[in-house]
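Each remark here refers to the structure printed beneath this line.
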Amino acid sequence: MNIDLSKPHFSSSNRFLLTYQCFIAVVAIAIFFTKADVFLERKYGVPIAPLHWMAILAIAIIPLVLNLKSKLNYFPKPILIWSGFYLAISCFGLLIASPNVPGIPFETTIQDLETRCLAIFFLLIMSVLFTTDNFRVFTWARKAFFLATFLAIFTNIIEFINPETMKLPESVAGRAAGFYVNANESAMGLILGMIFSIVLISKNYRLLFVLSVLFGISLTFSRSGFLGWFIVILMFNFHHLVKRKQITSLLIGIFLLFTTFFTQADNLAYLTKPDGTYVFNSDTIARIQWLKNPVGTDDPDRNSRLNLALEAWHKFEAHPFIGNGLSSSREINSPLKLEEIDRYGERPHNIYLVNLVEHGFLGMLIFPSLVLAITWQARGSIKALARTFAIYYIIVGFFTHTVLYDNYSLLSLAFIACLSRYSNIKEKKKLIINNV
Numbered sequence: 001m002n003i004d005l006s007k008p009h010f011s012s013s014n015r016f017l018l019t020y021q022c023f024i025a026v027v028a029i030a031i032f033f034t035k036a037d038v039f040l041e042r043k044y045g046v047p048i049a050p051l052h053w054m055a056i057l058a059i060a061i062i063p064l065v066l067n068l069k070s071k072l073n074y075f076p077k078p079i080l081i082w083s084g085f086y087l088a089i090s091c092f093g094l095l096i097a098s099p100n101v102p103g104i105p106f107e108t109t110i111q112d113l114e115t116r117c118l119a120i121f122f123l124l125i126m127s128v129l130f131t132t133d134n135f136r137v138f139t140w141a142r143k144a145f146f147l148a149t150f151l152a153i154f155t156n157i158i159e160f161i162n163p164e165t166m167k168l169p170e171s172v173a174g175r176a177a178g179f180y181v182n183a184n185e186s187a188m189g190l191i192l193g194m195i196f197s198i199v200l201i202s203k204n205y206r207l208l209f210v211l212s213v214l215f216g217i218s219l220t221f222s223r224s225g226f227l228g229w230f231i232v233i234l235m236f237n238f239h240h241l242v243k244r245k246q247i248t249s250l251l252i253g254i255f256l257l258f259t260t261f262f263t264q265a266d267n268l269a270y271l272t273k274p275d276g277t278y279v280f281n282s283d284t285i286a287r288i289q290w291l292k293n294p295v296g297t298d299d300p301d302r303n304s305r306l307n308l309a310l311e312a313w314h315k316f317e318a319h320p321f322i323g324n325g326l327s328s329s330r331e332i333n334s335p336l337k338l339e340e341i342d343r344y345g346e347r348p349h350n351i352y353l354v355n356l357v358e359h360g361f362l363g364m365l366i367f368p369s370l371v372l373a374i375t376w377q378a379r380g381s382i383k384a385l386a387r388t389f390a391i392y393y394i395i396v397g398f399f400t401h402t403v404l405y406d407n408y409s410l411l412s413l414a415f416i417a418c419l420s421r422y423s424n425i426k427e428k429k430k431l432i433i434n435n436v
């Protein structure tokens, strides 16, 4: 039996505390989901580091923690169980790291453990923030996701037109990223925003919305972004979240967009800025050529990632049962430039491979167990969104290794976990009422 969760469900909860929770949820999305905390510090030197923002948020949710007992049943307990499992396997990885990770300073391994602990802490406080017995919190959060999505599209356009406005040392010429700094993360943020906010839009205008997101992704030249968008659209179509008669128009729109783009692709290499420098670097041009001809194009970036993946696989084969230990997935002989390396070695861009190398066969379960645990209990109208999120996230794990410590990703996991838990409880209550 399905229930309609599209409208807020009010309870006798303290109205002020509810309003406060909605406000903090919106602020958290504005700061962490958009990655404004990272961008503002790196670009403008704002004296509040991401860690400080996290501490401020932890203090801000103290009233919600004190009130958690009254709605404890709505807290997504799978996150708590998974966090304990993740912490335990990480500590074990630290214990076996010393003999198995030559070339990596032990201080770096300690920092990796600290990063995981901070990620667990952030995931838990975001879960507390979104734990509610009133759907209004999710409604306001969705509105914030919607605005964040269009902010990402807007900043990508601005950066594409005038790269200097958002340029950072790690920025890749010709690939817009906005506040996300990393173009692949920008594409991922756009897709997550689309998943969370699609239901706010009338079905008559959802086609325009998903095309706007596709346009924002196209400015990032992210291959995983294009694939992820296509997968999500297929799920939207399967669950009737987008009118099926609009799919034809959607395909025509995509065809025209990419036909126009590819006919001009060869000319993009010669675009210059006012100072005479080229807009696109060799990596971006290689990506464009690869999109035109995935089989016959030599892409240095793709080749370097394949080399990292092969090296990681050889490490896994050496210790397949208990793994090589924390930080062992770092490749100190990475062919990438120093500024592109994530401190003492580049990791494979694959969360499954990273965990296999560091924790053996058991590591393969770390990421999918979290995604499935927080979405399986979704019911009613939320079930379609949870399934879409789960399938997208499980697939995107093959293209990134940062989903378990990027704050915007952890926030998204906490949001869908609490939303799924809420729908499960409301569905059970409705079944009980109907059976009385």
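Residue numbers in the sequence shown follow UniProt numbering, run continuously in steps of one, and reach 436 at the last position. The C-beta atom is built at its ideal place from N, Cα and C for all residues, glycine as well.
Between residue i and residue j, which are expected to be in contact by the criterion C-beta below 8 Å, what is the C-beta distance as a whole number of angstroms?
{"i": "Ile-395", "j": "Ile-231", "result": "6 Å"}
{"i": "Ala-148", "j": "Ile-29", "result": "6 Å"}
{"i": "Gly-93", "j": "His-359", "result": "6 Å"}
{"i": "Leu-326", "j": "Asp-112", "result": "5 Å"}
{"i": "Gly-397", "j": "Phe-367", "result": "5 Å"}
{"i": "Ser-420", "j": "Gln-377", "result": "5 Å"}
{"i": "Val-242", "j": "Val-210", "result": "7 Å"}
{"i": "Gly-225", "j": "Ala-173", "result": "Between Ala-173 and Gly-225 the Cβ distance is about 18 Å, and since that is not below 8 Å, they are no contact."}
{"i": "Asn-424", "j": "Arg-379", "result": "5 Å"}
{"i": "Thr-131", "j": "Cys-418", "result": "5 Å"}
{"i": "Val-128", "j": "Leu-64", "result": "6 Å"}
{"i": "Leu-385", "j": "Ile-195", "result": "6 Å"}
{"i": "Gly-189", "j": "Ala-152", "result": "6 Å"}
{"i": "Leu-411", "j": "Phe-33", "result": "5 Å"}
{"i": "Ile-201", "j": "Phe-236", "result": "Actually they do not touch by this definition, with Cβ atoms about 12 Å apart."}
{"i": "Arg-347", "j": "His-401", "result": "5 Å"}
{"i": "Phe-145", "j": "Gly-84", "result": "That belief does not hold up - the Cβ atoms of Phe-145 and Gly-84 are roughly 29 Å apart, past 8 Å."}
{"i": "Ala-119", "j": "Thr-109", "result": "That belief does not hold up - the Cβ atoms of Ala-119 and Thr-109 are roughly 16 Å apart, past 8 Å."}
{"i": "Ile-191", "j": "Tyr-392", "result": "7 Å"}
{"i": "Pro-163", "j": "Ile-374", "result": "No, Pro-163 and Ile-374 are not in contact; Cβ-Cβ is about 37 Å, not under 8 Å."}
{"i": "Leu-207", "j": "Leu-413", "result": "Not a contact, Cβ separation roughly 28 Å."}
{"i": "Leu-372", "j": "Ala-390", "result": "6 Å"}
{"i": "Phe-399", "j": "His-349", "result": "6 Å"}
Where do the ends of the alpha helix (DSSP H) carrying residue i lie?
{"i": "Lys-43", "result": "36-44"}
{"i": "Lys-69", "result": "Counting along the chain, Lys-69 falls outside any alpha helix (DSSP H), and DSSP gives it neither H nor E."}
{"i": "Asp-112", "result": "106-130"}
{"i": "Gly-193", "result": "183-197"}
{"i": "Ser-218", "result": "206-218"}
{"i": "Asn-237", "result": "223-238"}
{"i": "Asn-156", "result": "136-161"}
{"i": "Tyr-86", "result": "77-95"}
{"i": "Trp-53", "result": "50-60"}
{"i": "Pro-47", "result": "It is not in any alpha helix (DSSP H) - Pro-47 carries neither H nor E in the DSSP assignment."}
{"i": "Val-371", "result": "366-375"}
{"i": "Leu-168", "result": "Premise fails: Leu-168 is in no alpha helix (DSSP H) and is neither H nor E."}
{"i": "Ile-29", "result": "Neither: Ile-29 is in no alpha helix (DSSP H) and is coded neither H nor E."}
{"i": "Phe-354", "result": "Note that residue 354 is Val in the sequence shown here, rather than Phe. Counting along the chain, the alpha helix (DSSP H) containing Val-354 begins and ends at 351-359."}
I want to check one thing, is the minimum distance from the CB of residue i to the heavy atoms of the ligand GTP below 8 Å?
{"i": "Thr-400", "result": "Of the ligands one can find in the structure shown there are none, so the ligand GTP has no counterpart to examine."}
Any beta carbon of chain B sitting closer than 9 Å to that of residue i?
{"i": "Val-46", "result": "Among the chains of the structure shown, chain B does not appear; only one protein chain is present."}
*What are the complete alpha helix (DSSP H) segments, minimum 4 residues, inside the segment 382-422?*
For the alpha helix (DSSP H) assignment, the uninterrupted runs of no fewer than 4 residues enclosed by the segment 382-422 are, from N- to C-terminal side, 382-396.
*If you pair each beta-carbon of the segment 171-189 with each one of the segment 204-221, do three or more pairs fall below 8 Å?*
Segments in contact, yes.
*Are there three or more Cβ pairs, one per stretch, closer than 8 Å when the segment 152-159 is compared with the segment 48-57?*
Result no; under three Cβ-Cβ pairs closer than 8 Å.
*Is there contact here, the segment 405-412 with the segment 246-262, by at least three beta-carbon pairs under 8 Å?*
Proximity of the segment 405-412 to the segment 246-262 falls short of the contact definition, fewer than three beta-carbon pairs being nearer than 8 Å.
_I want to know whether the segment 33-47 touches the segment 77-93 - three or more CB-CB distances under 8 Å._
No, they do not touch.
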